[in-house]
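Following: one structure in structure tokens, then a few remarks.
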Amino acid sequence: MTDQLASGQRFRVLNVVDDCTRECVLSYAATSIPGAVVVRLLSEAVKERGKPKVLLSDNGPEFTGKALDSWAFEHVIKQEFIEPGKPMQNAYIESFNGRMRDEFLNTHWFLSLPQARLSLSVWRQDYNDIRPHSSLGNLAPHEFARQLAG
Numbered sequence: 024m025t026d027q028l029a030s031g032q033r034f035r036v037l038n039v040v041d042d043c044t045r046e047c048v049l050s051y052a053a054t055s056i057p058g059a060v061v062v063r064l065l066s067e068a069v070k071e072r073g074k075p076k077v078l079l080s081d082n083g084p085e086f087t088g089k090a091l092d093s094w095a096f097e098h099v100i101k102q103e104f105i106e107p108g109k110p111m112q113n114a115y116i117e118s119f120n121g122r123m124r125d126e127f128l129n130t131h132w133f134l135s136l137p138q139a140r141l142s143l144s145v146w147r148q149d150y151n152d153i154r155p156h157s158s159l160g161n162l163a164p165h166e167f168a169r170q171l172a173g
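Per our numbering, residue 24 is the first one in the sequence shown, and the count goes up by one each step.
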């Protein structure tokens with residue numbers, strides 16, 4: 024997703040959502056998010072949460088490049104890509120991105136990238152820890168994940 028600072032400088036947001044628990048695993052804002060950065064962020068997430076079996080993404084260059092392909096192969100994570108022009112094949116992240124756009128990006132005006140990152144972190148924590156989701160039996164994603172883990 025993209026947005027812009029008050030200065031007009033554009034920035035991107037990378038979101039990773041767990042399809043099962045609906046947890047926002049990571050949200051990262053930067054002016055550019057190349058494949059090497061995606062690999063670094065996913066590596067950190069894997070250390071914290073364990074590795075997924077599948078990584079579903081769109082066909083952006085940060086996902087289709089050699090850096091992520093090599094990393095996924097090394098970690099035995101299957102990469103799947105949605106068909107170009109078919110965002111509903113990745114419905115969970117599209118729904119999440121829409122919610123983030125409506126509830127967060129469209130309601131805030133950021134003066135700097137550090138401010139955007141800090142605000143994004145607070146919003147993500149609220150999304151994961153406090154907000155109930157009807158699809159999860161009205162539990163917040165972290166609580167649902169805890170119950171699922173037993």
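Every residue, glycine too, gets a C-beta built ideally from N, C-alpha and C.
In the structure shown, residue 26 falls within a strand segment according to DSSP collapsed to helix, strand and coil. Excluding five sequence positions before and after residue 53, none of the CB atoms of its chain fall closer than 6 Å to its own CB. Here residue 104 carries a strand assignment [DSSP, helix/strand/coil]. Taking residue 35 as the centre and dropping the five residues before and after it, the same chain places the C-beta of 25, 56 closer than 6 Å to its C-beta, in chain order.
With distances taken between CA atoms, residue 166 lies nearest to 44 out of 37, 33, 44. Counting along the chain, residue 68 sits inside no beta strand (DSSP E); it lies in the alpha helix (DSSP H) bounded by residues 58 to 72.
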